[in-house]
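In the numbering used here, the protein residues as written are 26 to 230.
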């Protein structure tokens, strides 16, 4: 797939759930235009900052750690891609009423114990919540949150809002009041569809 460069242009955080935005890090999947936003570990870290999983300083620390452990960073990136493809298949199949794909579900379940091993009960201002351990710089810390997001969404009532863009097949949760959202964004695929319909009407008139 093509290297899209940096996180600008066509990539947008539109999924409504972390794991869906992670699945959407391939644009125009299955076409000649397909490009991979997780082209290298630096892009992986940039995505983590973009969606708010890590701060700018934490991303810099993550990149420094990756430079010191290049082989491990490459393994983490490979795991990220495998996880992404599994998540995309799981939720795309669910969107179209297919059974849960067992091989991809097995991948998610294989990643789950490690993620849960870093999840703790924390207290802040007398309120109890889940928190993630901060034991040093872990190259896989972004993946833990993605795995947790996917597992929770699978068991959430919000799963009925799952949709795919009619043009690019990105995944998202339709939270509109009348459940009428058809596109990843109106500015991108929605606008292109409007232009296409306009041209078709012009040609037929």
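C-beta: ideal position from N, C-alpha, C; glycine also.
Exposure label - residue 203; buried when at least 16 CB within 10 Å: exposed
Neighbour-count burial assignment, residue 141, 16 or more Cβ in a 10 Å radius: exposed
Collapsed DSSP secondary structure at residue 114 in the structure displayed: helix
Reduced DSSP category for residue 199 - H, G, I as helix; E, B as strand; rest coil: coil
Inter-stretch contact (C-beta, 8 Å, three-pair minimum) for the region 130-140 and the region 63-74: no
Within 8 Å, strictly: CB atoms of residue 73 and residue 197: no
Given 8 Å, three or more beta-carbon pairs between the region 163-170 and the region 124-135: no
Same chain, Cβ closer than 8 Å to residue 115, five either side skipped, listed in chain order: 125, 126, 129, 130, 133, 175 and 179
Pair within 8 Å by beta-carbon distance, residue 71 and residue 82: no
Rounded separation between residue 220 and residue 214 - CA only: Note that residue 220 scores a pLDDT of 49, beneath 50, so its modelled location is shaky; the value from the coordinates is reported in the next line. Spanning the two alpha carbons is a distance of roughly 10 Å.
Residue 182 vs residue 207 beta-carbon contact at 8 Å: no
Residue burial classification, residue 46 (beta-carbon count within 10 angstroms, cutoff 16): buried
Counted within 10 angstroms of its Cβ, other Cβ atoms place residue 155 as buried (16 or more) or exposed: exposed
Bridge partners - residue 154, DSSP secondary structure assignment: 147
Endpoints, the alpha helix (DSSP H) within which residue 179 is located: 166-179
6 Å Cβ shell around residue 101 - same chain, five flanking residues per side excluded: 164 and 165
Local conformation of residue 187 per DSSP, three classes: strand
Contact check, residue 108 vs residue 172, beta carbons under 8 Å: yes
Span of the alpha helix (DSSP H), counted from its first residue to its last, around residue 71: 66-75
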